[in-house]
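**Student:** Here the sequence shown is numbered in my numbering, starting from 111 and rising by one per residue.
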Amino acid sequence: MDSSSSAIKIENVWKVFGNTSKEAMDAIQNQQISKNEALEKYNSVIGVSDVSFEVNQGEIFCVMGLSGSGKSTLVRHINRLLEPTSGKIFIKGQDVMTLDRENLQELRNKKIGMVFQNFALMPHRSVVDNIAMPLEIRGISKNDRLDAANKILDIVELQGWGNKFAHELSGGMQQRVGLARALAADPDFLLMDEPFSALDPLIRRQLQTEFIKLSKQMQKTTVFITHDLDEAVRVGHRIAIMRDGKVIQIGTPEEIVVNPADDYVADFVKGISRLKVVQAKSIMQSLEGYENKNGKLPNDLEVVDEHDLLSKLIETSASKDKPILVNNSENNTIGVISQSRLLKAVIEGGDGE
111 MDSSSSAIKI ENVWKVFGNT SKEAMDAIQN QQISKNEALE KYNSVIGVSD
161 VSFEVNQGEI FCVMGLSGSG KSTLVRHINR LLEPTSGKIF IKGQDVMTLD
211 RENLQELRNK KIGMVFQNFA LMPHRSVVDN IAMPLEIRGI SKNDRLDAAN
261 KILDIVELQG WGNKFAHELS GGMQQRVGLA RALAADPDFL LMDEPFSALD
311 PLIRRQLQTE FIKLSKQMQK TTVFITHDLD EAVRVGHRIA IMRDGKVIQI
361 GTPEEIVVNP ADDYVADFVK GISRLKVVQA KSIMQSLEGY ENKNGKLPND
411 LEVVDEHDLL SKLIETSASK DKPILVNNSE NNTIGVISQS RLLKAVIEGG
461 DGE
C-alpha cells in the first residue's frame, strides 16, 4: 500500500540499543544472529525487530505484549523520541525520518499528543494550567489557551475542577487531566502508553468506557499500548501482538481470538470469551441459503446489527426461540442466524449450520 493512503505507516523498523548497534544490526540482518547472540557478541539489545504495520485514519490501533516485548519502545519511534536503527516512519505520507529539528518539534507540538502511564502533571500548576501547557508552548495567548482548556475540561467530565491542583485529584482524575492535556492542542494523533494501567480496575474500566466514547466523538487516530488483552479487545479496532521485539499477529479482536497465529497468541487469548468479540456478520448465513434448507422465514423475527456481539445475539435469540435477522448500517437485511449456528459459534467460534 502507498504510504500516503494510511494515517501512520511503520516500515521495517529496527531498534538495537548499544554502542555497537550498527555492527550488531548488520550481523542480525545478514547472519541472522539471535537476540542472545547480539547481547553476547556485541553487547547490544534488540528492542524492536523488523516491525511493519499501518494505522488507518480515526482507528484505535492497540499494540500489546508482555513487559519487555518492545511495545513502549516502538511507540516512541512514531514521534522520534527514539531514533530507529533502521526503517521508515510515515505520518500522513510524510517521512518522519527526513524532518529537521524545527519541523520535528512542530510535529510533536501540533500534530501528536502523548499520554503516559505516569501522569507527569506539574504539581505547582492548577488543573486548567496543566491542560493549557501545550498551547502555552505554542505561544497561544493566555485567554485563548484557557478557553480551549476549559472546553476540554467539559469533554473529559472534570467541570468545576479547573482551579484545583493536581495533587488534590484522585489517580483517575489525574489521568483525565493527562488525556485533556494531550487533546488541548487538538492533535491529529494520540500516542497512549499504558495510560490506565496504574489505576484500580473499576476506575480503569470507567476510563476505558469514556475513552471509547471520546474517540468516537473526536475521531483521533490512536496508537494505544497495553499489556492487558481485555483492555486491547475492549478499546482497539485492531490489535498487534508483540513478543521479543517482533509483531506476531495483527488483526481485529475477533480475528485474533478466533484464529490465533501461533501457540503464543493462542495462550494469550484463551481467557477472552468469544461472547465479547464474535460479531453477527461473522456467523450469519445468506437468506437464500437458510430458506433453501429450512423453508421460508416467518415475518416476526428479531433484528440485530451486523456488528452486534455474540452475547447480545444469545439474549435476542432466547427471547423468541427463533432465528435472527441481521441488518447492515443502511438497515437492509443481509443475513440470518439460526439457533444451531449460534450454538456452534458459542462452542467453537466458527460457522454453524
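A virtual CB, placed ideally from N, CA and C, is assigned to each residue, including glycine.
(1) Of the choices Leu289, Asp298, Ala295, whose alpha-carbon is the least far from that of Glu304?
(2) Keeping to the same chain, check which residues put their C-beta closer than 7 angstroms to that of Arg291; ignore five residues upstream and five downstream.
(3) If you reduce the DSSP assignment to three classes, tell me which class Arg465 lands in.
(4) With which residues is Asn110 paired in a DSSP beta bridge?
(5) Between which two residues does the alpha helix (DSSP H) containing Met243 stretch?
(6) Skipping 5 residues on each side, what residues in its chain have a beta carbon closer than 6 angstroms to that of Arg348?
(7) Going by other Cβ atoms of all chains shown within 10 Å of its Cβ, with 16 needed for buried, is Ser162 buried or exposed?
(8) Could you tell me the alpha carbon to alpha carbon distance between Asp112 and Lys220, rounded to whole angstroms?
(9) Can you tell me which of the three DSSP states Lys132 falls into?
(10) State the DSSP-derived secondary structure class of Lys202, mapped to helix, strand or coil.
(11) When the Cα of Asp431 is compared with those of Asn437, Lys422, Asp415, Gln449, which residue comes out closest?
(12) Buried or exposed for His187, please, with buried defined as at least 16 other CB atoms from any protein chain shown within 10 angstroms of its CB.
(13) Can you list, in chain order, the residues of its chain whose CB lies under 7 angstroms from that of Ala428, leaving out five sequence neighbours each side?
(14) Which residue marks the beginning of the alpha helix (DSSP H) containing Asn260, and which one marks its end?
(15) Do you know whose CA, among Pro194, Lys326, Met302, Leu217, lies nearest Gln204's CA?
(16) In the DSSP output, what is Glu320 paired with across the bridge?
(17) Is the region 399–409 touching the region 378–386 in the sense that three or more CB pairs, one from each, lie closer than 8 angstroms?
**Tutor:** Here's the rundown:
(1) Leu289
(2) Asn240, Ile241, Met243, Pro244
(3) The structure shown does not extend to residue 465, since the chain spans only 111 to 463, so no value can be given for it.
(4) In this structure the chain extends from 111 to 463, so residue 110 is not present and cannot be described.
(5) 237–247
(6) Phe171, Thr362
(7) exposed
(8) Only weak support is given to the placement of Asp112: the predicted model assigns it a pLDDT of 45, under 50, and the value that follows is read from those uncertain coordinates. Approximately 24 angstroms, taken between the alpha carbons.
(9) helix
(10) coil
(11) Gln449
(12) buried
(13) none
(14) 252–265
(15) Leu217
(16) DSSP, once it has assigned bridges, lists no residue as partnering Glu320.
(17) no
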